[in-house]
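Inspection log for the structure reproduced underneath, given as structure tokens.
Number of protein chains: 2
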Amino acid sequence: MKAISIGIAGLGTVAQGVLTLLAANRSLIEQRSGVSVDVVRVASRSARPDVDLQGADFSTDVMDLLSDSRIDLIVELIGGETLAKQLIVGALSNGKAVVTANKAVIALYGNELSRQALRFEAAVAGAIPIIHALQQGLVANRFTAVSGIINGTCNYMLSAMEEEGVGFDEILERAQTLGYAEADPTFDVDGIDAAHKLTILMALAFGTQFEFAKVYVEGIRAITLTDISYAAELGYRIKHLGILRSNPDGIEARVHPTLVPHGELVAHVNGVLNAVQVVSDAAGKTLFSGPGAGGAATASAVVADIVGTALNADQIVADPVANMSKVILPVEQISSAYYLRIPTRDEPGVFAEVTQILSSHNINIEAVIQKDGHDHGGFVDIVILTQETPEARMNEALAQLEALATVTAPVMRIRVAPQD
Amino acid sequence: MKAISIGIAGLGTVAQGVLTLLAANRSLIEQRSGVSVDVVRVASRSARPDVDLQGADFSTDVMDLLSDSRIDLIVELIGGETLAKQLIVGALSNGKAVVTANKAVIALYGNELSRQALRFEAAVAGAIPIIHALQQGLVANRFTAVSGIINGTCNYMLSAMEEEGVGFDEILERAQTLGYAEADPTFDVDGIDAAHKLTILMALAFGTQFEFAKVYVEGIRAITLTDISYAAELGYRIKHLGILRSNPDGIEARVHPTLVPHGELVAHVNGVLNAVQVVSDAAGKTLFSGPGAGGAATASAVVADIVGTALNADQIVADPVANMSKVILPVEQISSAYYLRIPTRDEPGVFAEVTQILSSHNINIEAVIQKDGHDHGGFVDIVILTQETPEARMNEALAQLEALATVTAPVMRIRVAPQD
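Respectively, the protein sequence lines represent chains A and B. Sequential numbering of the first sequence, starting at 102, is according to our numbering. Sequential numbering of the second sequence, starting at 102, is according to our numbering.
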């Protein structure tokens with residue numbers, strides 16, 4: 102039996118989940134892995150007399166964990182960026198291992214942190230062991246694309262909008278009531294949380310630096326029931342995806358609403374679930390889905406990292422970040438098929454004007470929906486699905502389309518999922 | 102850098118996939134894991150001058166691998182049972198580690214083999230790192246159910262039958278032409294291959310012995326287009342599933358065609374893909390899908406095990422098989438909801454007779470389909486979806502139903518997926 106003594110920073114939902122899981126499944130974990138995990142100290146700004154610390158010491162200063170010489174590993178679950186980063190840096194430089202669920206710290210400061218004794222499975226996609234899969238189960242593979250649903254709030258909202266025909270604002274309010282969205286939902290609905298996770302996946306799968314600032318980010322605020330319904334008519338579901346793809350010029354890294362064909366498994370991942378699809382040279386297309394958040398689900402990943410640290414204490418960890426460098430492409434350099442919803446006056450010749458502009462930019466049309474406009478006060482949506490087109494060229498075409506006198510509002514443009 | 106010297110037994114599709122993958126991704130694997138894999142000897146009954154052995158020595162006797170003192174690890178890819186088992190036993194007793202893709206040997210003889218230096222990720226679900234997930238990523242979890250599509254041949258055939266409306270025999274012929282099914286398809290279509298894999302999953306997830314003989318096995322030969330179409334009408338897809346569930350009396354272990362609701366992700370795993378769903382106390386419901394067979398996909402899992410062996414050379418591996426014991430339940434002791442297709446004469450009173458028998462066994466009806474029989478020569482199918490019922494009680498009711506003069510052929514009974 103290998104024993105590891107840990108200190109836990111934080112006493113929120115995830116920390117409580119970790120304490121509960123370690124207590125409930127102690128003998129199971131020991132039998133399965135040969136590792137005994139002992140919580141020797143818990144630190145949190147405010148005491149929680151209602152939480153059973155299972156005999157661990159308690160401090161109100163998380164920095165006390167650094168000076169407790171019994172502690173082999175610090176579990177950072179306080180969230181936020183400044184103090185959490187300070188704690189992680191302090192722990193690593195004191196020779197303690199670190200396990201964290203803090204996606205922001207890793208995405209923003211990962212390059213400054215020594216990776217040798219740092220694990221963060223819980224920072225990406227909650228219970229889904231996607232980092233384990235990339236680093237161990239799929240270790241032999243060259244990854245060509247890693248993409249998926251990595252924000253449960255957005256997926257819950259888009260799924261509910263489609264299933265119930267209820268608009269964005271009402272669903273957001275319900276998501277907040279249910280605890281799926283924060284009072285300030287910016288991090289989730291504007292795609293920042295997903296971009297943090299994508300930054301981490303990019304570094305692990307493609308050996309780039311942690312380059313959060315280079316990830317293109319678009320949230321779901323602009324998605325309407327109309328778009329969801331047109332997409333369905335065309336055979337697609339709108340999902341908020343993080344997408345990484347290796348192409349000959351570099352790595353694409355983008356987070357945005359995406360049309361996913363009904364035939365793809367990820368189109369059927371609904372509700373608060375997450376799912377990450379990995380395309381690689383040997384294993385082909387694999388998909389990993391599960392709960393992306395929640396105390397118990399996140400605790401599952403945290404404890405896996407604690408056990409992994411104990412088992413691989415002597416492991417040589419090569420650091421791909423140090424060994425590789427890759428260009429991350431600006432979104433203008435990608436190519437994609439596009440869904441365009443063009444709000445127009447219902448007048449003769451408008452459709453010809455629109456298609457003429459697309460044609461002059463060599464943009465090929467895959468499918469069109471144009472409904473009768475008489476019921477809508479003389480306005481009509483022209484909905485077009487294009488074939489693959491360079492984004493820069495599409496931007497030029499969109500500028501020309503929006504300059505037409507007959508186009509009455511900005512064009513809604515949604516990228517279609519790459520056919521990997 | 103840790104170096105590991107391996108010998109490969111076999112030169113078929115998977116062995117060639119392993120050689121190709123190790124050559125193509127050598128530097129990637131080294132950078133990512135810090136492990137250098139050297140193939141020092143390949144052994145196969147018949148030489149294959151067309152295969153590049155990359156400088157490895159060659160033997161026609163696989164037993165030569167045992168006496169090659171350079172070899173740390175033997176990769177068993179000869180298939181079959183007798184010689185493969187002999188090689189694995191010989192390697193382990195010679196202090197060599199073993200990696201194998203041989204599900205039959207593990208399922209049938211796993212209890213006799215020392216697990217300390219034996220890995221077999223490739224034996225279950227091909228490229229999907231499901232064993233890694235159960236043992237590492239989800240190490241902290243108590244599993245309550247592990248189920249899924251673990252035979253690609255059956256899934257290809259059932260998917261194609263539904264999508265194209267083509268019957269079993271024609272699809273089987275095509276699967277054979279495409280190489281998805283063997284000339285003798287028994288292992289696949291009768292469920293034996295899936296039962297081998299389920300036996301392995303059961304030992305790993307529930308800590309049982311390897312008890313192949315206790316797995317209930319039913320194949321897909323009896324599934325008709327009629328059943329697929331009725332199931333669709335009821336909101337289900339018919340999938341060939343392996344199902345493990347822990348219930349208060351023991352472990353359910355069964356392989357059979359199953360009605361899966363359209364709302365479940367596994368219902369959308371089509372074609373030759375595999376998918377394993379894991380339900381556990383902390384991580385909740387997770388699903389892992391990907392290619393279940395093929396040279397490159399299987400090689401991905403084999404190389405992951407080679408690298409894992411090199412990295413965890415000093416790892417303590419507790420052997421749950423030795424530490425736990427669990428009762429495996431006969432299928433008569435499970436409960437399930439059931440789809441019943443009852444072929445009857447289209448006569449007044451038949452429906453009442455049928456429902457009377459179900460009712461007298463306390464079997465509740467969830468849904469019914471009864472179409473007009475006039476177009477079918479006076480015969481009509483009564484299709485019934487029941488609520489959860491003990492299997493033994495259902496068996497008694499089926500015997501009484503089939504004894505009715507108005508029931509013209511055996512009742513088709515398909516279990517509905519448990520609601521986990």
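We put the beta carbon where it would ideally sit given N, CA and C, even for glycine.
In or out: A333(B) buried (at least 16 other Cβ within 10 Å) or exposed? That one is exposed.
Out of A383(A), S160(A) and I407(A), state which residue places its alpha-carbon closest to the alpha-carbon of E222(A). Among A383(A), S160(A) and I407(A), the Cα nearest to that of E222(A) is on I407(A).
Check whether chain B comes within 8 angstroms of F159(A), counting only Cβ atoms and requiring the distance to be less than that. no
Go to G118(B), then tell me how far its alpha helix (DSSP H) extends in each direction, as first and last residue. Start and end: T114 to A125.
Own chain residues within Cβ distance below 7 angstroms of Q416(A), not counting five before or after: Low confidence applies to Q416(A): its pLDDT is 48, below 50, so where it sits in the model is not reliable, and the reading given next is rough at best. Hits under 7 angstroms: none found.
Is T410(B) closer than 8 angstroms to A192(B) when the C-beta atoms are compared? Not closer than 8 angstroms, so no.
Is the Cβ of H462(A) closer than 8 angstroms to any Cβ of chain B? no
Would you mind sorting F480(A) into buried or exposed? The rule is 16 or more other CB atoms within 10 Å of its CB. exposed
Using a Cβ-Cβ cutoff of less than 6 angstroms, which residues in the same chain neighbour L441(B) once the five nearest sequence positions on both sides are dropped? I485, V512 and R514
Any contact of the stretch 226 to 237 of chain B with the stretch 384 to 393 of chain A, i.e. 3+ C-beta pairs under 8 angstroms? yes
Say whether chain A places a C-beta atom closer than 8 angstroms to the C-beta of V422(B). Note that V422(B) scores a pLDDT of 49, beneath 50, so its modelled location is shaky and nothing firm can be said.
Under 6 angstroms Cβ to Cβ from A398(B), same chain only, skipping five residues before and after it: list those, please. G227, A228 and P392
Buried versus exposed, by CB contacts within 10 Å (16 or more), S160(B): buried
Per-residue DSSP class, three states only, for T507(A): coil
Would the stretch 303 to 317 of chain A count as touching the stretch 454 to 469 of chain A if we require 3 or more Cβ pairs under 8 angstroms? Touching, no, given that fewer than three Cβ pairs across the two stretches are closer than 8 angstroms.
Report the option in K340(A), L335(A) and R494(A) whose CA atom is closest to the CA atom of A323(A). K340(A)
Return the CA-CA distance between G211(B) and N242(B), expressed in angstroms with no decimal places. 23 angstroms
Tell me the rounded alpha-carbon separation between N424(B) and G196(B). With a pLDDT of 49 at N424(B), under the threshold of 50, the modelled position of this residue cannot be trusted, and the question is left open.
Sort Y331(A), Q520(A), L299(A) and L505(A) by Cα distance to N375(A) and report the nearest one. L299(A)
Could you tell me the distance, in whole angstroms, from the CA atom of A468(B) to the CA atom of Q378(A)? 36 angstroms
For a contact meaning CB atoms closer than 8 angstroms, what does K386(B) contact in chain A? G391 and P392
By alpha-carbon positions, which one of P491(A), M102(A) and Q117(A) ends up nearest to I109(A)? Selection P491(A), M102(A) and Q117(A) evaluated against I109(A) yields Q117(A) as nearest (Cα-Cα).
Can you name the residues of chain B whose CB is closer than 9 angstroms to the CB of N338(A)? Reading off the sequence, residue 338(A) comes out as Arg, not Asn. Under the 9 angstroms cutoff, chain B gives no residues; its nearest Cβ is about 11 angstroms from R338(A).
Strand pairing of T487(B), partner residues [DSSP]: Its beta-bridge partners are I466(B).
For a contact meaning CB atoms closer than 7 angstroms, what does L259(B) contact in chain A? Simply none; closest approach about 16 angstroms.
Please tell me whether T242(B) has its Cβ less than 8 angstroms away from any Cβ of chain A. In the sequence on display, residue 242(B) carries Asn and not Thr. True, the Cβ-Cβ gap to chain A drops below 8 angstroms.
Classification of E365(B) by the beta-carbon crowding that lies within 10 angstroms, buried from 16 upward: buried
Below 8 angstroms, can you find three or more Cβ-Cβ pairs linking the stretch 116 to 134 of chain B to the stretch 144 to 164 of chain B? yes
Could I get the ranges of all uninterrupted alpha helix (DSSP H) runs contained in the stretch 293 to 338 of chain A, with 4 residues as the minimum, in chain order? 293 to 307 and 326 to 334, all fully within the stretch 293 to 338 of chain A.
Using a C-beta cutoff of 8 angstroms, does A202(A) count as contacting chain B? no
Leaving aside the five residues before and after G396(B) along the sequence, list all residues of the same chain whose C-beta is less than 7 angstroms from its C-beta, in chain order. T114, V115, Q117 and G118
Reference H233(B); option with closest CA among A405(B), D270(B) and A104(B): A405(B)
I need the straight-line Cα distance from A510(A) to Q488(A), nearest angstrom please. A direct Cα-Cα distance of roughly 23 angstroms separates A510(A) from Q488(A).
What does Q237(A) reach in chain B if we use C-beta pairs closer than 9 angstroms? S134, P230, H233, Q237, G238, A405, V408, G409 and L412
Under 8 angstroms by beta carbon: chain B residues contacting A398(A): A383, A384 and G385
Hey, is N126(A)'s beta-carbon within less than 8 angstroms of any beta-carbon in chain B? yes
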